[in-house]
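Engineer: Handing you a structure now.
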Amino acid sequence: MVGSITASFPAITAVLAVTFLGEELSRVNAAGIVLIIASMVAWSYSHGNGKNSTKHLRSALVLSITTMVIWGVGGIFIKLALDGLPLIAYLGVYPLILPPIAFAYLRHRKAPWRVFLPKWTVPVMLAIVVAELWQLAYFAETSAISVGSAAIVFPLISAYPIVTIIGARMFLKESMSRLDMCLILAVITGIIMTSFA
0 MVGSITASFP
10 AITAVLAVTF
20 LGEELSRVNA
30 AGIVLIIASM
40 VAWSYSHGNG
50 KNSTKHLRSA
60 LVLSITTMVI
70 WGVGGIFIKL
80 ALDGLPLIAY
90 LGVYPLILPP
100 IAFAYLRHRK
110 APWRVFLPKW
120 TVPVMLAIVV
130 AELWQLAYFA
140 ETSAISVGSA
150 AIVFPLISAY
160 PIVTIIGARM
170 FLKESMSRLD
180 MCLILAVITG
190 IIMTSFA
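First residue of the sequence shown: 0, per numbering that gives the first Met the number 0; consecutive thereafter.
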């Protein structure tokens, strides 16, 4: 359920970009965006489970909708900020904002100080590698948004789980159903449609 809801954030961004930023989409682009979002929602919904308690279900629902709205509206603010700031200046703001937010959250959760200074173990090293990869992806995403249409860039970016799914199949030998393969094919088709000028 969480993935189904949060995967639909580009729909909000695309509608707001067309409505408020004056961006234009061809019918093929719009159909591709719908196909990507619908396929990602269907994929995440097909892998959900109903084992959560009602309390956790409500919390997940509220947090998922909050995430979807923040990411959807946030996409427009990113585009507006990049229209007025050089890319490097925008990227420079990001590391100033995230550490205080993470620190405040961990302090609110009453995390011990050792959480802030973990020992050098394999999981910590993997976390650093992942953080670096995500920063490279964030740089690429922000660069794409600075030169491209928010209504197209965000739906394309939202298809990233497809790479994870394929990687899990190839390297972790996780199984994929026919439905999974059909939805992956639908996302790839949507990406091709969205990429048409």
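Every residue gets a Cβ at the ideal spot worked out from N, C-alpha and C, and that includes glycine. It should be emphasised that the depicted structure is a prediction, and the values quoted were computed from it without experimental measurement.
Looking at Pro-9 and Phe-153, is the spacing between their C-beta atoms short of 8 Å?
Structural biologist: Remark: C-beta atoms of Phe-153 and Pro-9 approach each other more closely than 8 Å.
Engineer: Report the residue ranges of all beta strand (DSSP E) runs contained in full by the segment 62–149; include only those spanning at least 3 residues, in chain order.
Structural biologist: none
Engineer: Would you kindly check if the distance between the Cβ of Gly-147 and the Cβ of Gly-31 is under 8 Å?
Structural biologist: Cβ atoms of Gly-31 and Gly-147: not closer than 8 Å.
Engineer: How many whole angstroms separate the CB atoms of Ile-75 and Thr-12, which I take to be in contact at a CB cut-off of 8 Å?
Structural biologist: With 8 Å as the limit, Ile-75 and Thr-12 qualify as a contact, their Cβ atoms being about 6 Å apart.
Engineer: Compute the Euclidean distance between the alpha carbons of Leu-86 and Arg-57, then round it to the nearest angstrom.
Structural biologist: 39 Å
Engineer: By Cβ distance, which residues of its chain are closer than 7 Å to Glu-140, with the 5 residues on each side in sequence left out?
Structural biologist: Ile-156
Engineer: Looking only at C-alpha atoms, which of Ala-37, Ile-151, Ala-167 sits nearest to Gly-21?
Structural biologist: Checked all of Ala-37, Ile-151, Ala-167; the closest Cα to Gly-21 is Ile-151.
Engineer: Taking C-alpha atoms, which residue in Tyr-44, Ile-77, Phe-102 lies nearest to Thr-5?
Structural biologist: Tyr-44
Engineer: Output needed for Thr-18: all residues of its chain with C-beta closer than 6 Å, excluding positions within five of it in sequence on either side, in chain order.
Structural biologist: Closer than 6 Å at Cβ, skipping near neighbours: no residue.
Engineer: Do you know how far the Cα of Ser-38 is from the Cα of Val-186?
Structural biologist: 6 Å
Engineer: Might you give, ordered along the chain, the residues of its own chain that have their beta carbon closer than 7 Å to the beta carbon of Ala-149, omitting 5 neighbours on each side?
Structural biologist: Thr-12, Ala-16, Leu-20, Glu-22, Gly-74, Ile-75, Lys-78
Engineer: Please name the residue in Phe-170, Arg-26, Lys-118, Ala-143 whose C-alpha comes closest to that of Asp-82.
Structural biologist: The residue with the shortest Cα to Cα distance from Asp-82 is Ala-143.
Engineer: What are the boundary residues of the alpha helix (DSSP H) that includes Gly-31?
Structural biologist: 26–45
Engineer: Please report the distance separating the alpha-carbon of Ser-194 from that of Ser-7.
Structural biologist: 19 Å
Engineer: Please report the distance separating the alpha-carbon of Val-61 from that of Pro-98.
Structural biologist: Cα to Cα, Val-61 sits roughly 25 Å from Pro-98.
Engineer: Anyone know if the C-beta pair for Met-192 and Val-27 falls short of 8 Å?
Structural biologist: yes
Engineer: Straight-line CA distance for Leu-95 to Leu-178?
Structural biologist: 42 Å
Engineer: Got a sec, what are the start and stop residues for the alpha helix (DSSP H) Gly-166 sits in?
Structural biologist: 160–170 is the span of the alpha helix (DSSP H), which, as asked, contains Gly-166.
Engineer: Can you look up Ser-176 in the DSSP assignment and give me helix, strand or coil?
Structural biologist: coil
Engineer: Once you ignore the five residues that flank Trp-42 on each side, which residues in its own chain have a CB closer than 6 Å to its CB?
Structural biologist: Leu-182
Engineer: Starting from Leu-15 and walking both ways along the alpha helix (DSSP H), at which residues does that stretch end?
Structural biologist: Start and end: 8–19.
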